[in-house]
Each structure stands twice: as C-alpha cells, then as structure tokens.
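Trainee:
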Amino acid sequence: MQSICQARASVMIYDDTSKKWVPIKPGQQGFSRINIYHNTTSNTFRVVGVKLQDQQVVINYSIVKGLKYNQATPTFHQWRDARQVYGLNFASKEEAGTFSTAMLFALNLSGDKAQEQ
1 MQSICQARAS
11 VMIYDDTSKK
21 WVPIKPGQQG
31 FSRINIYHNT
41 TSNTFRVVGV
51 KLQDQQVVIN
61 YSIVKGLKYN
71 QATPTFHQWR
81 DARQVYGLNF
91 ASKEEAGTFS
101 TAMLFALNLS
111 GDKAQEQ
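So in full-length UniProt numbering, spot 115 of the sequence shown is number 115, and the numbers just go up one at a time.
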C-alpha cells in the first residue's frame, strides 16, 4: 500500500436525527491525519484517518466506483454511501485541494477497473 496524499482534517458524519455534522466518534474532535492509500496489486484505494492526538484510526473507508464525492466548500468535502454521509473539514484550502485531486484520481481509476472486468 502506498499513500498518494496526506492532509489534516476533522472527520465528521451527518447525523440525520439532529440534522447536524458530528465527529465520527463521539468526543473525538480535532484533526486527524488523512491518507488515501493505493494498493497497486489490486488497484484499490482507501481513505484512512488516524487521530493526531492518540493515533486512533477514526476512518478506514474503501473508495469504490460510483461513490458520490462533493467539494461542498473549499475546506469541507463530503461523500456518501448507502448508510452514511461522511465529511472532512480540512485544516487549509491547500490540503483540501491535495485530497480532492487524489480522491478524483482514485475514483477515475476505480471506474476504469470496474469497466474492464
């Protein structure tokens, strides 16, 4: 596995009940180190976030074809699957830009792989 990007962001999920963005793990506010990893053998990608404060893994998410990725603001990006909406509140526009470039690259390659099979 090789990291294709690294950024600092707070990892959030959308709580349908309260209609608010909340930390992915209760009481776990603050920045995490977010990487997108590329498994070159299987040509798959994952978003992995590790809390800067205590090194706890807060997100480990497989990027799949058809994932809906949205750059809601220059520093807040989100995506969804069938169960959840995830959000990343980046430390800077530059880090958000680095992440979005890598995410779009991963989505394009994931799509190519799925079409080839």
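The beta-carbon is built from N, C-alpha and C at its ideal position, and this holds for glycine as well.
If you're wondering where the values come from, they're calculated on a predicted model, not measured in any experiment.
In this structure, how does DSSP classify Ser3 when only helix, strand and coil are distinguished?
Mentor: Translated into positions along the sequence shown, residue 3 becomes position 3. Note: Ser3 maps to strand in three-state DSSP.
Trainee: Is the region 36 to 43 in contact with the region 89 to 107, if contact means three or more CB pairs nearer than 8 angstroms?
Mentor: In short, these stretches touch, since the Cβ pair count reaches three.
Trainee: Going by the CB atoms, is the gap between Ala72 and Ala9 shorter than 9 angstroms?
Mentor: As a working mapping, residue 9 is identified with position 9 in the sequence shown. As a working mapping, residue 72 is identified with position 72 in the sequence shown. Their beta carbons are not under 9 angstroms apart, which means Ala9 does not touch Ala72 by this criterion.
Trainee: Within 10 angstroms of its Cβ, does Gly27 collect 16 or more other Cβ (buried), or is it exposed?
Mentor: For this step, residue 27 is matched to residue 27 along the sequence shown. Counting Cβ neighbours within 10 Å, Gly27 comes out exposed, since fewer than 16 surround it.
Trainee: So, is Val58 buried or exposed, given that buried needs 16 or more other C-beta atoms within 10 angstroms?
Mentor: Here residue 58 refers to the residue found at position 58 when the sequence shown is read from its first residue. By the 10 Å Cβ count, Val58 comes out buried.
Trainee: Helix or strand or just coil, what does DSSP make of Ser32?
Mentor: As a first step, residue 32 is located in the sequence shown; it is residue number 32 there, counting from the start. Ser32: strand per DSSP, three-state reduction.
Trainee: Once DSSP output is grouped into helix, strand and coil, what is the label at Lys93?
Mentor: Sequence index remark: in the sequence shown, residue 93 carries index 93 (1-based). Helix at Lys93.
Trainee: Please report the distance separating the alpha-carbon of Gly66 from that of Asp54.
Mentor: Position 66 of the sequence shown holds residue 66. Position 54 of the sequence shown holds residue 54. So the two alpha carbons sit approximately 33 angstroms from each other.
Trainee: Taking C-alpha atoms, which residue in Gln56, Gly30, Ile63, Gln29 lies nearest to Thr44?
Mentor: Walking along the sequence shown from the start, residue 44 turns up at place 44. Minimum Cα distance to Thr44 is reached at Ile63.
Trainee: Express the C-alpha separation of Trp21 and Ser42 in angstroms, rounding to a whole number.
Mentor: For the purposes of this step, residue 42 is identified with residue 42 of the sequence shown, where counting begins at 1. For the purposes of this step, residue 21 is identified with residue 21 of the sequence shown, where counting begins at 1. Cα-Cα distance, rounded: 33 angstroms.
Trainee: With 16 as the cutoff for other CB atoms within 10 Å, does Leu107 come out buried or exposed?
Mentor: Position 107 of the sequence shown, counted from the start, is the residue given in the question as residue 107. Its Cβ being crowded by 16 or more others within 10 Å, Leu107 is buried.
Trainee: Along the chain, where does the beta strand (DSSP E) that runs through residue 127 open and close?
Mentor: Lying outside 1 to 117, the shown extent of the chain, residue 127 is not represented and no answer is given.
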